[in-house]
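Top line first, the protein sequences correspond to chains A and G. Numbers 894 to 1070, taken from the working numbering, label the letters of the first sequence in order. Numbers 16 to 573, taken from the working numbering, label the letters of the second sequence in order. All C-beta atoms in this analysis are idealised placements derived from N, C-alpha and C, irrespective of residue type, glycine included. Being a predicted model, the structure only gives us computed values, none of them experimental. Read through the structure below, which is laid out as structure tokens, and then see the notes.
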Amino acid sequence: MLPDRVIRISGEDARVEPELWRYAGLPGEDETALPTGPVVEPLAAWLEKRSELVARPEPVGVWLNPDDDPAQIAADLAHVALVAVHFPKFADGRGYSTAFLLRTRHGYKGELRAIGDVGRDQLFLLKRCGFDSFALAPHRDPEAALASLNDFSLRYQGSVDDARSLFRHRADGDLTA
Amino acid sequence: MYRYNLHDQVIVAERVAQFRDQTRRFLAGELTEDEFRPLRLQNGLYIQRHAPMLRVAVPYGLLSSTQLRKLAHIARRYDRGYGHFTTRQNIQYNWPKLEEVPDILAELAEVEMHAIQTSGNCIRNITTDHFAGVAADEIVDPRALCEILRQWSTFHPEFAYLPRKFKIAVNGSVEDRAAVLLHDIGLHVVRGASGEVGLRVIVGGGMGRTPIIGHVIREFLPWRHMLTYCEAILRVYNRFGRRDNIYKARIKILVKALGVEEFRYLVEAEWEATRDSPSVIPEGELARVAAHFQPPAYEPFAADDAGYLALRSSNAAFDRWAQRNVHAHRQPGYAAVSLSLKKTGVAPGDATAEQMEFVATLAERYSFGELRVSHEQNLILGHVPTRDLEAVWREAREHGLVTPNIGLLTNIVCCPGGDFCSLANAKSIPIAEAIQARFDDLDYLHDIGSLDLNISGCMNSCGHHHIGHIGILGVDKNGSEWYQVSIGGRQGREAALGQVIGPSFAAAQMPDVVSRLIETYTELRHEDELFVDTVHRLGIAPFKERVYCGDRELAHAA
């Protein structure tokens, strides 16, 4: 279900790294006991076991389903080392708005990862909405996918990566044409 | 018209490269059909009954002669020598080869065109009034706003995978020629108390299987906030629109489920949080874009040309054409001209490569090299001196483009239907042709007067049958094709949805059904009353009675 490597962006640099996290409660993953090591909990579990999880010595993350409201985790974002957004199907675009809200409205600054049915042809858009790491579906080659992070060199509209639209840049005098 | 700058050109070129690589990976087996489908759809590429179908964007229906010539070249080089102009002011090719589509897109990019987001669950081509910049009742030329929306919606990262397709229309005049009440978002330009320009925001209209007239959710939105407000609407829709059932996934269903008040509350709350973002449109940006839509260099005429008026009184055929296909222009001595793509025997909206090249030249000679595609699937020359109307008529007649039927019964709006489209339940083109053949007497046709007849081959309603004065919908019953008839629909400010008159009919019955509707009208109409007004005055009962009871054989007991 999950790949053993992920794409991570750091500054201008994107690279493929080993997956260090384990995910509890993902569809298809058989988990009963709390796994050891860095673990990403579903939002429902986080809300239920919040104090226990905050007290854990290992880093803790939380993952959201498409219909989870990111406002529910807003107050706890300082305590999590990773927020993952699950895409059960890549054509389900709710996670893009989830990311936008986490990054803008809720001010999340930590690592934001897209997991699930994620392919290279979504990377450019996901990155724009504030994702900075990507667990591609296991049959997809993350090394080949890196190129698609830069499918476009210009963007008409503002988003998380750059709030200023092309016309705003033009108005601010950073563009010549 | 809008001309690309370096940035626009780069974005389109990068899209071509991206799609070329996606197509390569699909053909190499690296992308599955399921993975490739949304990618090709967002480039307007369907897999249809016979071959792929490519839908090319004509942003807000505006074309230059150079672009139309390129469309003709593509029809000839990559297709079977013709194209089909659609009810969303775009053009479709029915026979391209998948592996050649990246080359077609590269050719389009050479003339500042593309197929971006002409399909798929994303923001589609922005549409507007085909008389933008021409109409006397215009408040603000909507095309600059349309272009700003086009750019904003192009690859909007948050809204590429919406629950369903999303259509935005802008109307800049008093009368509504853009069907803003029948779009996911309709923006109607209005002036505030002190003359400032704003937009009335209408949400949740649409046709398809659940036709709904849109709801006004904001009476006055300052134009600078056009993008921030659309973004708020889209975010609410992206998060909360249904994704479990594609037939219930349009925004109209969300608005209905939440109720207009709750929907408005969510949008306004979202907007409050983002309204002062850098997406507020600066004056300078509107001015920059609007500069592309300045009026052409008109000659100063005092009035309509005397020779034109004289010919109208001496030549009945010319006069008939002038009555229906020549439209008033705000500039003295000028007119707009509809070139009819509705000749009997030709699929409505189809144009051959030769016709396109001819029209491109005609536009260069007589209309500043600019054309429009109407949502009624005709081509329009925007600014013809009345002095030149005779020449335009004589030349266009040689190419079968002067059928004097604009606004008349035979100006049928019609989707490609079961002959081409894999979604269709029934054929639509042969129905249109049979009706056109029945009403080929021009005197009778003109006597019937303005009448919109729309045909859709399935309930996706690309032929806009819900707003036809007479609407025809193809339905499938146990594997055979039947046609349901509605009357009383209309477009414009008083937009209304047609009412179904009863059980459906077989294809062969359709000319008789339409004849009976028309006979009922001509017997019952008041002087100067349009068909649709008679229907609204009397209701559907007399029409229904005539169609079904006059002859038992006509009624199909379904």
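Contacts around residue i, its chain only, beta-carbon distance under 8 Å, and the 5 residues preceding and following it disregarded
{"i": "G/Gly-223", "result": "Arg-265, Met-474, Asn-475 and Ser-476"}
{"i": "G/Pro-53", "result": "Gly-135, Asn-136 and Tyr-176"}
{"i": "G/Gln-309", "result": "none"}
{"i": "G/Thr-359", "result": "Thr-418, Thr-425, Glu-448, Gln-451, Ala-452 and Asp-455"}
{"i": "A/Lys-1020", "result": "Ile-902, Leu-1042 and Asp-1054"}
{"i": "G/Arg-91", "result": "Ala-368"}
Backbone secondary structure at residue i - three-state DSSP
{"i": "G/Ala-572", "result": "Caution applies to G/Ala-572, whose pLDDT of 43 falls short of 50 and renders its modelled position unreliable; the value that the coordinates give is listed next. Here G/Ala-572 sits in coil by DSSP."}
{"i": "G/Met-68", "result": "strand"}
{"i": "G/Thr-425", "result": "coil"}
{"i": "G/Trp-497", "result": "strand"}
{"i": "A/Glu-934", "result": "strand"}
{"i": "G/Ala-184", "result": "strand"}
{"i": "G/Lys-442", "result": "coil"}
{"i": "A/Trp-914", "result": "coil"}
{"i": "A/Leu-895", "result": "coil"}
{"i": "G/Thr-101", "result": "coil"}
{"i": "G/Ser-292", "result": "coil"}
{"i": "A/Val-953", "result": "strand"}
{"i": "G/Ile-516", "result": "coil"}
{"i": "A/Ser-990", "result": "helix"}
Residue from the options with nearest C-alpha to residue i
{"i": "G/Phe-383", "options": "G/Pro-311, G/Leu-424 and G/Ala-325", "result": "G/Pro-311"}
{"i": "A/Ala-977", "options": "A/Val-932, A/Ser-903, A/Leu-1059 and A/Gly-1012", "result": "A/Val-932"}
{"i": "G/Tyr-244", "options": "G/Tyr-323, G/Ile-200, G/Lys-357 and G/His-307", "result": "G/Ile-200"}
{"i": "G/Trp-110", "options": "G/Thr-102, G/Tyr-97 and G/Val-407", "result": "G/Tyr-97"}
{"i": "A/Val-973", "options": "A/Trp-956, A/Leu-1068 and A/Asp-1014", "result": "A/Trp-956"}
{"i": "G/Glu-211", "options": "G/Gly-219, G/Leu-236 and G/Gly-59", "result": "G/Leu-236"}
{"i": "A/Pro-963", "options": "A/Trp-939, A/Leu-1029, A/Asp-1010 and A/Gly-930", "result": "A/Trp-939"}
{"i": "G/Phe-435", "options": "G/Ile-62, G/Thr-38, G/Tyr-19 and G/Asn-58", "result": "G/Ile-62"}
{"i": "G/Leu-404", "options": "G/Ser-353, G/Val-388 and G/Phe-520", "result": "G/Ser-353"}
{"i": "G/Leu-574", "options": "G/Glu-391, G/Pro-431 and G/Gly-433", "result": "Nothing about residue 574 of chain G can be reported from this structure: the residues present for chain G run from 16 to 573 only."}
{"i": "G/Pro-226", "options": "G/Tyr-262, G/Asp-36, G/Cys-429 and G/Ala-306", "result": "G/Tyr-262"}
{"i": "G/Ile-395", "options": "G/Asn-140, G/Tyr-93, G/Arg-84 and G/His-145", "result": "G/His-145"}
{"i": "A/Arg-1033", "options": "A/Gly-1009, A/Ala-907, A/Ala-1056 and A/Leu-975", "result": "A/Gly-1009"}
{"i": "G/Ser-501", "options": "G/Thr-537, G/His-551 and G/Asp-462", "result": "G/His-551"}
{"i": "G/Ile-421", "options": "G/Ser-389, G/Pro-431, G/Val-399 and G/Arg-409", "result": "G/Ser-389"}
{"i": "G/Ala-362", "options": "G/Val-189, G/Gly-433, G/Arg-561 and G/Leu-273", "result": "G/Gly-433"}
{"i": "G/Pro-157", "options": "G/Glu-277, G/His-129, G/Glu-190 and G/Ser-294", "result": "G/Glu-190"}
{"i": "G/Leu-197", "options": "G/Thr-549, G/Gly-507, G/Ala-305 and G/Arg-540", "result": "G/Gly-507"}
{"i": "G/Asp-49", "options": "A/Pro-1035, A/Asp-1025 and A/Val-1011", "result": "A/Val-1011"}
{"i": "G/Gly-256", "options": "A/Arg-987, A/Leu-1029 and A/Leu-970", "result": "A/Arg-987"}
{"i": "G/Ala-147", "options": "G/Gly-221, G/Pro-74, G/Asn-330 and G/Ala-247", "result": "G/Pro-74"}
{"i": "G/Ala-286", "options": "G/Thr-376, G/Arg-250, G/Glu-314 and G/Asn-105", "result": "Before going on, a small fix: residue 286 of chain G reads as Trp here, not Ala. Nearest C-alpha to G/Trp-286: G/Arg-250."}
{"i": "G/Glu-162", "options": "G/Gly-494, G/Gly-221 and G/Ile-141", "result": "G/Ile-141"}
{"i": "G/Ile-232", "options": "G/His-99, G/Tyr-280 and G/Arg-103", "result": "G/Tyr-280"}
Beta-carbon contacts of residue i that lie in its chain and below 7 Å, excluding the five residues immediately before and after
{"i": "A/Asp-897", "result": "Pro-911 and Glu-912"}
{"i": "G/Arg-40", "result": "Leu-46"}
{"i": "A/Cys-1022", "result": "Tyr-989, Ala-992, Phe-993, Ser-1052 and Val-1053"}
{"i": "A/Leu-1016", "result": "Phe-1027, Ala-1038, Ser-1041 and Leu-1042"}
{"i": "A/Asp-1044", "result": "Phe-1017"}
{"i": "G/Arg-290", "result": "His-240 and Thr-243"}
{"i": "G/Ile-138", "result": "Gln-132, Ser-168, His-171, Phe-174, Phe-181 and Ile-183"}
{"i": "G/Ser-292", "result": "Thr-243"}
Residues that residue i bridges to, as DSSP identifies them
{"i": "G/Ile-485", "result": "G/Leu-468 and G/Ile-502"}
{"i": "G/Tyr-536", "result": "According to DSSP, which records beta bridges pairwise, G/Tyr-536 is partnered with nothing at all."}
{"i": "G/Ser-79", "result": "G/Glu-385"}
{"i": "G/Ser-355", "result": "Answer is none; G/Ser-355 lacks a bridge partner."}
{"i": "G/Lys-492", "result": "G/Ser-495"}
{"i": "G/Gly-148", "result": "DSSP lists no partner for G/Gly-148."}
{"i": "A/His-979", "result": "A/Ile-1008"}
{"i": "G/Asp-365", "result": "G/His-99"}
Contacts around residue i, its chain only, beta-carbon distance under 6 Å, and the 5 residues preceding and following it disregarded
{"i": "G/Phe-316", "result": "Pro-347 and Gly-348"}
{"i": "G/Leu-113", "result": "Pro-67"}
{"i": "G/Val-195", "result": "Ala-184, Asn-186, Gly-201, His-203 and Ile-217"}
{"i": "G/Tyr-381", "result": "Val-399, Asp-403 and Val-407"}
{"i": "G/Thr-326", "result": "This sequence places Leu at residue 326 of chain G; Thr is not what is there. Same-chain partners within the cutoff: Phe-333 and Glu-405."}
For this session: Indicate whether the contact test is met: 3 or more Cβ pairs, each with one atom in the region 1000-1007 of chain A and one in the region 268-283 of chain G, closer than 8 Å.
Result: no
For this session: Determine, using beta-carbon pairs with one atom in the region 1050-1059 of chain A and one in the region 76-84 of chain G, whether at least three such pairs fall under 8 Å.
Result: no
For this session: Inspect the CB distances between the region 121-132 of chain G and the region 20-30 of chain G and report whether three or more fall short of 8 Å.
Result: yes
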